[in-house]
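Report on the structure given below.
Number of protein chains: 2
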Amino acid sequence: MKALGEHWIIEFYSCQNQEALKNRKICERIFIEAAKTGGFSTIGSFFHQFKPHGVSGVVVIEESHLSIHTWPEHGYAAIDIFFCSENTNPHKTLEFLKSAFQPQKVHIQIHFRGLKHYLNS
Amino acid sequence: MKALGEHWIIEFYSCQNQEALKNRKICERIFIEAAKTGGFSTIGSFFHQFKPHGVSGVVVIEESHLSIHTWPEHGYAAIDIFFCSENTNPHKTLEFLKSAFQPQKVHIQIHFRGLKHYLNS
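In the order they appear, the protein sequences are chains P and Z.
Letter by letter, the first sequence follows residues 1 to 121 of the working numbering.
Letter by letter, the second sequence follows residues 1 to 121 of the working numbering.
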């Protein structure tokens, strides 16, 4: 890999599973399972319920982090998958999240983080 | 704003403050203060110390999150500032982080998250 980490910036639009966008506990359960599915090792997690609605959550993993911020009123979730191991499967994590939140439209951009060209040797 | 959130993807290369890259407590203290400096409201934080070295940490804020992953052996830190309020000052947070970690090279890319064009009304 030409970089230390890979960061997937993911947009879930028009999610059909409104409960998952609204409920901290459901959201956290999905994320813990999504991490496991991709072979990531969870170190800790922090999920917060906003009032009147919305969830922010982060799962810190051995390989970096997964995060989500939801806007249930727009059916939208901003999701990040940031990892630094080639022995994991972020595609599986993404597919798990898609089946859980059921977005009608998904945008993904991938960033390389910590380009080796610029690193101290 | 044409989107729900703004996400700054930041690379700190050749950081001169090695202790901040290595020590969970120092790193967390810097981040809590950096959030405050930019007018962000901290809800919770989770920082982890890796062995032999490296720190992963997240500060969940009312406005979304700040995160860091460090590779002290490369003098490198991957930092994210994700926010959804126009009444904050991420520039101040970034300047605070720069003065704390003292990177010799900084790369920044800004993403808009949750484009209004695609949102459920």
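Even glycine gets a Cβ: it sits at the ideal position worked out from N, Cα and C.
Remember, predicted model here, so these are calculated numbers, not experimental data.
Quiz prompt | contact_flag[the segment 51-66 of chain P, the segment 95-105 of chain Z] where n(CB pairs < 8 angstroms) is 3 or more | solution = no
Quiz prompt | Per-residue contacts from Z/Ser-64 into chain P (C-beta, under 7 angstroms) | solution = Counting from 1 along the second sequence, the entry for residue 64 of chain Z is found at position 64. Going along chain P in sequence order, the residues near Z/Ser-64 (Cβ under 7 angstroms) are Ser-56 and His-69.
Quiz item: Do you know offhand how far P/Ile-79's Cα is from Z/Gly-5's?
Solution: Taking the first sequence and counting its residues from 1, one reaches residue 79 of chain P at position 79. Taking the second sequence and counting its residues from 1, one reaches residue 5 of chain Z at position 5. Their Cα atoms are separated by approximately 12 angstroms.
Quiz item: If you check the beta carbons only, do P/Leu-21 and P/Pro-72 fall under 7 angstroms apart?
Solution: The count along the first sequence starts at 1 and reaches residue 21 of chain P at position 21. The count along the first sequence starts at 1 and reaches residue 72 of chain P at position 72. Cβ atoms of P/Leu-21 and P/Pro-72: closer than 7 angstroms.
Practice problem: Note down, one range per segment and in chain order, each alpha helix (DSSP H) of at least 4 residues found wholly within the segment 19-74 of chain P. | Solution: 24-37
Self-check item: Simplified DSSP state of Z/Gly-11, which is helix, strand or coil
Solution: As a working note, residue 11 of chain Z is residue 11 in the second sequence. Gly is not the amino acid found at residue 11 of chain Z; the sequence shown has Glu there. If DSSP states are grouped into helix, strand and coil, Z/Glu-11 belongs with the strands.
Practice problem: Indicate the three-state DSSP secondary structure (helix, strand or coil) for P/Gly-86 in the structure shown. | Solution: As a position in the first sequence, residue 86 of chain P is number 86, starting the count at 1. First, the residue type needs correcting, since residue 86 of chain P is Glu and not Gly in the sequence shown. Three-state result, P/Glu-86: coil.
Self-check item: Beta-ladder partner(s) of P/Lys-105, from DSSP
Solution: Indexing the first sequence from 1 puts residue 105 of chain P at position 105. According to DSSP, P/Lys-105 bridges with P/Tyr-13.
Quiz item: Of all the CB atoms in chain Z, is at least one closer than 7 angstroms to the CB of P/His-117?
Solution: Residue numbering aside, residue 117 of chain P sits at position 117 when the first sequence is read from its first letter. It does not: the Cβ of P/His-117 has no partner Cβ on chain Z nearer than 7 angstroms.
Exercise. Can you grab the Cα-Cα spacing for the pair Z/Asn-87 / Z/Phe-40, in whole Å?
Key: Here residue 87 of chain Z is taken as the residue at index 87 of the second sequence, counted from 1. Here residue 40 of chain Z is taken as the residue at index 40 of the second sequence, counted from 1. Whole-angstrom Cα-Cα distance: 9 angstroms.
Self-check item: Proximity below 7 angstroms, CB of P/Tyr-118 to CB of P/Tyr-76
Solution: Indexing the first sequence from 1 puts residue 118 of chain P at position 118. Indexing the first sequence from 1 puts residue 76 of chain P at position 76. No, Cβ-Cβ distance for P/Tyr-118 and P/Tyr-76 is not below 7 angstroms.
Quiz item: So P/Phe-46 and P/Ser-64 are in contact, right, with Cβ under 8 angstroms, and what is the actual spacing, rounded?
Solution: Position 46 of the first sequence holds residue 46 of chain P. Position 64 of the first sequence holds residue 64 of chain P. P/Phe-46 to P/Ser-64, Cβ: 15 angstroms. No contact.
Quiz prompt | Below-7 angstroms beta-carbon distance, P/Val-60 vs any chain Z residue | solution = Against the first sequence, residue 60 of chain P aligns to sequence position 60. True, the Cβ-Cβ gap to chain Z drops below 7 angstroms.
Self-check item: Identified DSSP bridge partners for Z/Leu-97
Solution: As a working note, residue 97 of chain Z is residue 97 in the second sequence. The partner list for Z/Leu-97 (beta bridge, DSSP) is empty, contrary to what the question assumes.
Exercise. Label P/Asn-89 either buried or exposed according to how many other C-beta atoms from any shown protein chain fall within 10 Å of its C-beta, with 16 as the threshold for buried.
Key: If you number the first sequence from 1, residue 89 of chain P lands on position 89. Exposed, since its Cβ has fewer than 16 Cβ neighbours within 10 Å.
Self-check item: Contacting positions in the segment 87-105 of chain P - beta carbon closer than 9 angstroms to chain Z
Solution: Lys-105
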